[in-house]
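Data block below; observations after.
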Amino acid sequence: MSGFPELPDGRLEQKLADKAPLFTHGEAVTEANRCIYCADAPCVEACPTGIDIPTFIHKIATDNVRGSARTIFAQNLLGASCAQVCPVEVLCAGSCVYETWGRQAIQIGRLQRYATTAGLEKDPALLSRNAKPKTGKKVACIGAGPASLAAAGQLALDGHSVTIFEKRDVPGGLNTTGVAPYKLFAEGALREVEFILGLGDITLETGAEIDDAAAKKLLDDYDAVFVGIGLGPDSMLGFEGEGVVGATALIERLKLDASLTLEGVETALVVGGGNTAVDIAHELALLGVPHVSMIYRKTEAVMTGYAHEMATARKDGVRLIEHRSPLAIEREGEKLVGLRTQCMDGEGEEVFAGDMVIMAVGQSRLTGLARAFDGVALDDKGRVVVDEATCRTGHAKVYAGGDCVNGGKEVVNAAQHGKLAAAAISASFGAQ
Amino acid sequence: MADLSIEFCGVKSPNPFWLASAPPTNTGAQIKRAFDAGWGGAVWKTLGNPIINTSSRFGAVNYGSTRMMGLNNIELITDRPLEVNLREMEDVKKHYADHVVVASLMVDTKEEWHEIVKKVQDAGADMLELNFGCPHGMCERGMGSAVGAEPEVLKTIVGWVMEVAKVPVIIKLTPNVGDITVPALAALEAGADAVSLINTVKSIVGVDLDRMIPYPVVGDASSNGGYCGPAVKPIALHMLGQVARVFPKPISGIGGISNWRDAAEFMVLGATSVQVCTAVMHYGYRIVEDMIEGLNDFLDDKGMASAMDLVGKAVPQYKEWGQLDMNYHVVADIDPAKCIGCQLCVVSCMDGSHQCIHIPGMDDDEKKRRGHVVFPTDVPDIAATAEGAKAGARVPWVHEEECVGCNLCQLVCPVEGTISMREKRKAPESISWNERVMNGTDVVPGGLDATRKARGLDAE
Chain B
342 MSGFPELPDG RLEQKLADKA PLFTHGEAVT EANRCIYCAD APCVEACPTG IDIPTFIHKI
402 ATDNVRGSAR TIFAQNLLGA SCAQVCPVEV LCAGSCVYET WGRQAIQIGR LQRYATTAGL
462 EKDPALLSRN AKPKTGKKVA CIGAGPASLA AAGQLALDGH SVTIFEKRDV PGGLNTTGVA
522 PYKLFAEGAL REVEFILGLG DITLETGAEI DDAAAKKLLD DYDAVFVGIG LGPDSMLGFE
582 GEGVVGATAL IERLKLDASL TLEGVETALV VGGGNTAVDI AHELALLGVP HVSMIYRKTE
642 AVMTGYAHEM ATARKDGVRL IEHRSPLAIE REGEKLVGLR TQCMDGEGEE VFAGDMVIMA
702 VGQSRLTGLA RAFDGVALDD KGRVVVDEAT CRTGHAKVYA GGDCVNGGKE VVNAAQHGKL
762 AAAAISASFG AQ
Chain C
149 MADLSIEFCG VKSPNPFWLA SAPPTNTGAQ IKRAFDAGWG GAVWKTLGNP IINTSSRFGA
209 VNYGSTRMMG LNNIELITDR PLEVNLREME DVKKHYADHV VVASLMVDTK EEWHEIVKKV
269 QDAGADMLEL NFGCPHGMCE RGMGSAVGAE PEVLKTIVGW VMEVAKVPVI IKLTPNVGDI
329 TVPALAALEA GADAVSLINT VKSIVGVDLD RMIPYPVVGD ASSNGGYCGP AVKPIALHML
389 GQVARVFPKP ISGIGGISNW RDAAEFMVLG ATSVQVCTAV MHYGYRIVED MIEGLNDFLD
449 DKGMASAMDL VGKAVPQYKE WGQLDMNYHV VADIDPAKCI GCQLCVVSCM DGSHQCIHIP
509 GMDDDEKKRR GHVVFPTDVP DIAATAEGAK AGARVPWVHE EECVGCNLCQ LVCPVEGTIS
569 MREKRKAPES ISWNERVMNG TDVVPGGLDA TRKARGLDAE
């Protein structure tokens, strides 16, 4: 992987199988031919980036894969990773008219993965060859996650120079560090970063922590700033010590750190009921941890983790324990031996034995940084406040998008923010 | 149980399902297996002077995920020695006396015709089929469709054959003519006992865009071939219907027949027997089981005792356009309990028909933007009620005043039974275009303006 640090071999994610492998040509054409090519299609409406799904599928059926990829990228430059990480079951495919009809929905995610892969294989310069001439304008993007990458890619295609500042050694944000590996491996995420960087004049500076002072200075050096800093460390609810880890921290190690081992872990207790909780529980089960339980304080009916994800996690051995709120870590000496919980249905306390507790109850905000810019406001939940149509903050030159704005949603939502911001930034340059 | 047996020119066949002269009838062993599977008859792969075939020979049209919707070939007549074919024919007749064996023939000179007719009769052929149809290869040598397209030549050759024929003679017609009834009537005039149609349609099936060579590729070139398979069925049905109107003797129907329903359609448009090739090349002899079973059940449903009762049933209803009732009118109904909200009916009506299907909740500006030309004020907001329908899904609405009753929406709708066409006559009495012309109200001498005046429309 040129330009990025080599990913070490022996990472745990390498033990997992791709859940929805790349279609062969024959598989893709057969599936594409199932699509009835709806007009005003509900799948398009369900896509946060508004990809013209029936059209890109039609183009697969006609063997026009470059056109198909162009149709996807025209709305979403992260079409390749979204194809793999999007919860299509609750978005495009979930709204497919075939569902109403009692038939299996079109496998839109897999078709999109095929189209973006095959299209770029045929012509790696599919988009970059049509980039606009240099404008001389400079934009800084803080963070190298999906929101920034989507913004940077479009800005580069519009002819602007972009510099991305990323505090980690590896770019890609959650696509690289946080997405369930059976959906997207770190290599896949980095391949997409490379594609974005190749779209035009984009410089990536890794290991670049931006503090308030540095942020302020960006305004002097750049014509606009995009803030795509995501979320902060896992919320730990005060639990700490050996055997207690944050969910996103653990997932990051699964994906990137070859020294991580789960040997000796018999029972993992995951606290939380959101998608991150389901993901890490599912990953641990797939990696061979014999007992994995999710401890959730409400009921399955109201949990924010997707039902389809919970169902597949269950098939792979994950257990969901409802109505339990964590009280304290149980230890014998230093060693973690369980989690004491409060029964939310009034049955007192209950201790669950375990040797690892994973906290998946949300992440802290990093948005303090955004305050470095005059006029930028945060809402009561610590999210950066932006204009919906342009992702512009209270500062005329500062835009923001992704998890730091929406509090933690899908990659596709971040991609849409990046797209909107890039369009608004380019428009603002044009107006000058 | 209906009686599926038929009688064709006095020859009995256990059912109307025959294999057409083609690769599936290349050898005696194949034909025996076909008869074992249930085929009632077989038209032997055309016999004649020795030929040499090319490689490759076939090309196909796929549509969507459907393979071989149409098949094209440049294969010639049999490439096996005549003596071998005759020996095998005799053997087949010996073991399958009740099945029909038709010898398909294609030679050049009078002597050759006399010779080959005698030989196949001696081998036990129940009937002869003169191949005046193949539109590739042999026609360049003055045979096949070259004969079928020249009525005088056709009559001459039929005459030669009738001089020595002791069994019924079928003339296989080529569709590569302007008016199929011309060669059919020429055959009748020359004394033929029956016709079969259609042979393959002259075609180029596709082009290899990398090598710039049409399919099927033979070295660095290709040639036009004969097109068959489900794609040609509508062409065959039309020609069959035309011939059936004027040809008083038996007809064997050919062209894209793949199942019992196709067979029934050919029979009601005038065929007594039907011949199948492409479907067998695709799926094998076994498909005849469904054809037998399906036709049987269909006849039972219709209370018909014999397959022969089907023959020609729809011919009287095949008319000229000018005879159709102009006051007949239908309008589309969309069933909200079945609509899945794909809106293919809307887009097809907007772009491919008369812009009469509306989506509720649009103001006039939006309707104009989308291309509507009439703006009904009362578009009902009908919720889709199909099981599992998305909350808020709306059912398109047909504006009956604008609907011309073209069927397009019903044809594109992917969910069977969602769109139905309801009869809504313009007037109780019938009137055809021909009658209107005869009444002197629609076409008058003197040009466009005179016609407008005659119809009560002001000329500009």
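Chain order of the listed sequences is B and C. Just so you know, this note's numbering puts 409 at position 68 of the first sequence, and the rest follows in order with no gaps. Just so you know, this note's numbering puts 584 at position 436 of the second sequence, and the rest follows in order with no gaps. Idealized CB from N, CA, C, for every residue including glycine.
Limits of the unbroken alpha helix (DSSP H) element including residue i
i        : result
B/ALA396 : A quick correction: the sequence has Thr, not Ala, at residue 396 of chain B. Its alpha helix (DSSP H) spans residues 394-402.
C/VAL495 : 492-500
C/ASP184 : 176-185
B/ILE621 : 616-627
B/SER489 : 487-498
C/GLU515 : It should be noted that the sequence gives Lys, not Glu, for residue 515 of chain C. Looking at the DSSP string, the run of the alpha helix (DSSP H) that includes C/LYS515 is 512-518.
C/TYR431 : 426-431
Cβ-Cβ separation, residue j to residue i (assumed contact under 8 Å), whole Å
i        : j        : result
B/ARG509 : B/THR476 : Between B/THR476 and B/ARG509 the Cβ distance is about 29 Å, and since that is not below 8 Å, they are no contact.
C/LEU443 : C/TRP408 : 4 Å
C/ASP483 : C/GLY509 : The pair is not a contact, with the Cβ atoms about 20 Å apart (cut-off 8 Å).
B/GLY513 : B/ALA492 : The Cβ separation is near 14 Å, so there is no contact.
C/ILE264 : C/LEU357 : Rounded, the Cβ-Cβ distance is 43 Å, inconsistent with contact.
B/VAL659 : B/VAL633 : 5 Å
B/GLU430 : B/TYR647 : 7 Å
C/ASP246 : C/PRO162 : 6 Å
B/CYS433 : B/ILE394 : 6 Å
C/GLY186 : C/GLU437 : 6 Å
C/GLY373 : C/VAL353 : 7 Å
B/SER422 : B/VAL752 : 6 Å
C/GLU277 : C/VAL306 : Wrong, their Cβ atoms sit about 12 Å apart, outside the cutoff.
Start and end residues, beta strand (DSSP E) containing residue i
i        : result
B/PRO574 : 572-575
B/HIS632 : 632-636
C/THR194 : 189-195
C/PHE165 : 165-167
B/PHE567 : 565-568
C/ASN220 : 214-221
B/ARG660 : 659-662
B/CYS745 : No beta strand (DSSP E) holds B/CYS745; the alpha helix (DSSP H) holding it covers 744-747.
C/ASP481 : 478-482
DSSP bridge partner residues for residue i (one or two, in chain order)
i        : result
B/ARG681 : B/ALA669, B/VAL692
B/GLN704 : B/ASP575
C/PRO362 : C/VAL355
C/LEU345 : C/GLY401
C/ALA251 : C/TRP192, C/LEU276
C/GLU549 : BP columns for C/GLU549 are empty, so no partner.
B/VAL725 : B/LEU719
B/GLU546 : B/PHE506
C/GLY374 : C/ASN221, C/LYS350
Local conformation of residue i per DSSP, three classes
i        : result
C/ILE440 : helix
B/TRP442 : helix
C/HIS262 : helix
C/LEU152 : coil
C/PHE206 : strand
C/TYR211 : strand
C/GLU608 : Interpretation of C/GLU608 is limited by its pLDDT of 49, a score under 50 that renders its predicted location unreliable; the figure taken from the coordinates is listed afterwards. In the structure shown, C/GLU608 sits in coil (DSSP, three-state: anything other than H, G, I, E or B).
B/SER343 : Confidence at B/SER343 is low in this model, with a pLDDT of 49, below 50, so its placement is unreliable and the value that follows should be read with caution. If DSSP states are grouped into helix, strand and coil, B/SER343 belongs with coil.
C/ARG320 : In the sequence on display, residue 320 of chain C carries Lys and not Arg. In the structure shown, C/LYS320 sits in a strand (DSSP, three-state: E or B).
B/LEU363 : coil
C/GLU564 : coil
B/HIS649 : helix
C/HIS506 : strand
B/ALA768 : helix
B/ARG352 : coil
B/ALA775 : No statement about residue 775 of chain B is possible, as the shown extent of chain B runs from 342 to 773 and does not include it.
B/THR412 : helix
Discussion item. If the cut-off is 8 Å on Cβ atoms, which residues from the region 367-401 of chain B count as contacting chain C, listed in chain order?
Written reply: VAL370, THR371, ASN374, ARG375, ILE377, TYR378, CYS379, ALA380, ASP381, ALA382, PRO383
Worksheet item: What residues in the region 415-442 of chain B bring their beta carbon closer than 7 Å to a beta carbon of chain C?
Response: Under the 7 Å Cβ criterion, the region 415-442 of chain B contributes SER436, VAL438, GLU440, THR441, TRP442.
Fill in: Residues of the region 543-568 of chain C with Cβ closer than 7 Å to any Cβ of chain B, in chain order
Listed by position, the residues of the region 543-568 of chain C near chain B (Cβ gap below 7 Å) are PRO562, VAL563.
Worksheet item: Using a Cβ cut-off of 7 Å, which residues of the region 468-502 of chain C contact any Cβ in chain B, in chain order?
Response: ILE488, GLY489, CYS490, GLN491, LEU492, VAL494, VAL495
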